[in-house]
Structures are given as C-alpha cells and as structure tokens.
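Engineer: Line by line, the protein sequences give chains V and R. Residues 7 to 122 in our numbering are what the first sequence spells out, letter by letter. Residues 13 to 127 in our numbering are what the second sequence spells out, letter by letter.
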Amino acid sequence: AQSVTQPDIHITVSEGASLELRCNYSYGATPYLFWYVQSPGQGLQLLLKYFSGDTLVQGIKGFEAEFKRSQSSFNLRKPSVHWSDAAEYFCAVGARGDSGYSTLTFGKGTMLLVSP
Amino acid sequence: ETGVTQTPRHLVMGMTNKKSLKCEQHLGHNAMYWYKQSAKKPLELMFVYSLEERVENNSVPSRFSPECPNSSHLFLHLHTLQPEDSALYLCASSQVTGGRVDTQYFGPGTRLTVL
Chain V
7 AQSVTQPDIH
17 ITVSEGASLE
27 LRCNYSYGAT
37 PYLFWYVQSP
47 GQGLQLLLKY
57 FSGDTLVQGI
67 KGFEAEFKRS
77 QSSFNLRKPS
87 VHWSDAAEYF
97 CAVGARGDSG
107 YSTLTFGKGT
117 MLLVSP
Chain R
13 ETGVTQTPRH
23 LVMGMTNKKS
33 LKCEQHLGHN
43 AMYWYKQSAK
53 KPLELMFVYS
63 LEERVENNSV
73 PSRFSPECPN
83 SSHLFLHLHT
93 LQPEDSALYL
103 CASSQVTGGR
113 VDTQYFGPGT
123 RLTVL
C-alpha cells in the first residue's frame with residue numbers, strides 16, 4: 007500500500023524568503039503525485055501534480071515541485087514567500103482502483119507560518 | 013456556481029438528530045468522493061462513487077449513509093452520530109479516464125460538530 011510522509015508539522019518562514027516543504031512517498035509503481043493547499047476553513051486547492059515527463063513541475067501561485075525517484079521525494083518549493091501563502095500544505099500519492107477510479111493517500115500536512 | 017460546492021458550510025447537531033450534507037460538482041465529472049478530515053489525522057477516504065455506483069466504502073460506520081442520485085450530486089446522510097464524528101467533511105470529484113490517475117477537485121467542506 008502507498009504512504010506519504012511529510013516530516014515537518016510546522017514551518018515558519020520570513021516573508022520574502024525561500025521555501026521548501028518536504029514530501030516522501032512509498033509506492034510500488036510509477037507514482038502520481040500531488041500537492042494541495044488548504045487555507046483555514048477552506049477545502050483543498052490543487053497546486054500542482056506530477057504524472058510523467060519533466061521532473062520539475064510548475065504550479066499555481068509561483069510554486070514548483072521536483073520529483074526525485076532515487077529519493078522517493080516530491081518536495082515543494084517557492085523562491086519568495088508571501089504572507090498570503092500561510093496555510094496547510096498536503097502532499098498526496100494517487101493510485102487507480104479496480105473499477106478505474108482513483109484514490110489519494112495524503113500526508114498529515116505541513117502548516118506554513120509566514121513571519122513579517 | 014463553479015467547481016465543487018458543499019452545503020451547509022457549518023452544522024451543529026445532537027447525537028439523536030438526522031441531517032444530510034450535500035455536494036454538487038459543476039465540472040462534468042463522473043466520480044465523486046467523501047473524505048473526513050479530523051484534527052491531527054490525515055484525510056480519510058470514506059466513500060467513492062464512480063459512474064453513480066458506490067465502488068468503495070472504507071469501513072465507515074453505518075451511521076454514515078451516502079447517496080449519489082446522479083453524477084453531479086452526492087449526499088451524506090447522518091444519524092445517531094457520536095462526538096468523535098466531529099470533523100471537516102470534504103467532497104471531491106474527478107473525471108475517470110483510462111490508464112491514468114485522475115485529479116480530484118475539492119469542495120470547501122462542511123464543518124460538523126456533534127454535541
């Protein structure tokens with residue numbers, strides 16, 4: 007069965023500084039990987055996804071993630087953090103079920119705090 | 013309305029009440045999902061409907077009863093809940109395609125409090 011580890015529960019970054027959120031996955035086949043963001047009281051918004059091809063994936067809001075098969079990682083990065091980026095970030099690995107639908111296994115999330 | 017909508021956004025109920033959560037997707041998708049998000053726990057998949065058929069039920073107690081009358085609507089009927097059922101309930105939808113994992117799009121959630 008697949009699993010996702012986000013080792014950092016909380017991260018605090020100064021506004022304007024760079025950000026890297028870590029994600030490690032365990033999956034026996036080619037992984038389908040996602041990053042979602044959740045603002046307080048809101049649902050999950052898709053930031054970016056990796057299915058195949060270029061291992062550096064660009065997403066919305068200036069985020070990018072790099073897939074490294076050798077390290078089983080899919081870390082999320084942003085060169086300059088804005089106060090509006092404060093939220094909880096979830097990494098997920100997808101798999102297809104027997105009936106063709108997909109399931110997502112999520113990590114526990116990393117809460118990003120942005121200091122002035 | 014665009015995307016995935018959920019009503020109500022907040023719900024407080026007693027343990028003996030019966031209530032329903034509603035989800036509607038405006039994306040033309042053919043699969044819908046219910047997730048439970050509790051504090052300090054990963055998101056838990058509860059139910060999956062693909063082409064209006066329930067295809068997965070992750071050992072969810074029978075006090076939660078899903079209904080999918082068509083590909084755009086999904087309900088979660090609640091009865092005799094417990095305080096530990098208090099959580100954020102998220103609905104998602106996706107387009108099932110052959111050969112690859114599809115992307116799920118989430119609604120804003122219903123914050124449920126059971127007294």
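Even glycine gets a Cβ: it sits at the ideal position worked out from N, Cα and C. Quick caveat, the model's predicted, so the values are computed rather than measured.
Between the stretch 21-29 of chain V and the stretch 43-58 of chain V, do three or more beta carbon pairs fall short of 8 Å?
Structural biologist: With the cut-off at 8 Å, the stretch 21-29 of chain V and the stretch 43-58 of chain V do not touch.
Engineer: Would you call the stretch 35-46 of chain R in contact with the stretch 99-112 of chain R, where contact means no fewer than 3 C-beta pairs closer than 8 Å?
Structural biologist: In short, these stretches touch, since the Cβ pair count reaches three.
Engineer: Under a CB-based cut-off of 9 Å, is V63/V close to chain B?
Structural biologist: In summary, chain B is missing from the structure at hand, where the protein chains are V and R.
Engineer: Is E64/R helix, strand or coil when you go by DSSP?
Structural biologist: Position 52 of the second sequence, counted from the start, is the residue given in the question as residue 64/R. Reduced to three states, the DSSP call for E64/R is coil.
Engineer: To which residues does DSSP link G100/V through a beta bridge?
Structural biologist: Translated into positions along the first sequence, residue 100/V becomes position 94. Y38/V and L110/V.
Engineer: Could you spell out the range, first to last residue, of the beta strand (DSSP E) harbouring P13/V?
Structural biologist: Here residue 13/V refers to the residue found at position 7 when the first sequence is read from its first residue. Careful: P13/V lies outside any beta strand (DSSP E) and carries neither H nor E.
Engineer: Where does Q77/V fall in DSSP's three states?
Structural biologist: As a first step, residue 77/V must be located in the first sequence, where it is residue number 71. Three-state result, Q77/V: helix.
Engineer: Around the C-beta of S4/R, are 16 or more other C-beta atoms found within 10 angstroms, so that it is buried, or is it exposed?
Structural biologist: Missing from the structure shown is residue 4/R; chain R here goes from 13 to 127 and no further.
Engineer: Using a Cβ cut-off of 9 Å (strictly closer), state whether L118/V contacts chain R.
Structural biologist: Here residue 118/V refers to the residue found at position 112 when the first sequence is read from its first residue. Closer than 9 Å: no.
Engineer: Can T111/V and E94/V be called in contact, C-beta distance under 9 Å?
Structural biologist: Working through the first sequence from its first residue, we reach residue 111/V at position 105. Working through the first sequence from its first residue, we reach residue 94/V at position 88. Contact flag unset, no.
Engineer: Could you name the residues of chain R that K114/V contacts, counting a contact when the two beta carbons are closer than 8 Å?
Structural biologist: The residue given as residue 114/V occupies position 108 in the first sequence. The answer, in chain order, is K52, K53 and P54.
Engineer: F134/V and L55/R: beta carbons closer than 9 Å?
Structural biologist: Nothing can be reported for residue 134/V, as the shown portion of chain V is limited to 7 through 122.
Engineer: Could you work out which residues of chain V lie near F118/R, taking near to mean beta carbons separated by less than 7 Å?
Structural biologist: In the second sequence, residue 118/R corresponds to position 106, counting from 1. Simply G49 and L50.
Engineer: Pick from L50/V, G100/V and P122/V: whose alpha carbon is nearest that of S9/V?
Structural biologist: Position 3 of the first sequence, counted from the start, is the residue given in the question as residue 9/V. It is G100/V whose Cα lies nearest to the Cα of S9/V.
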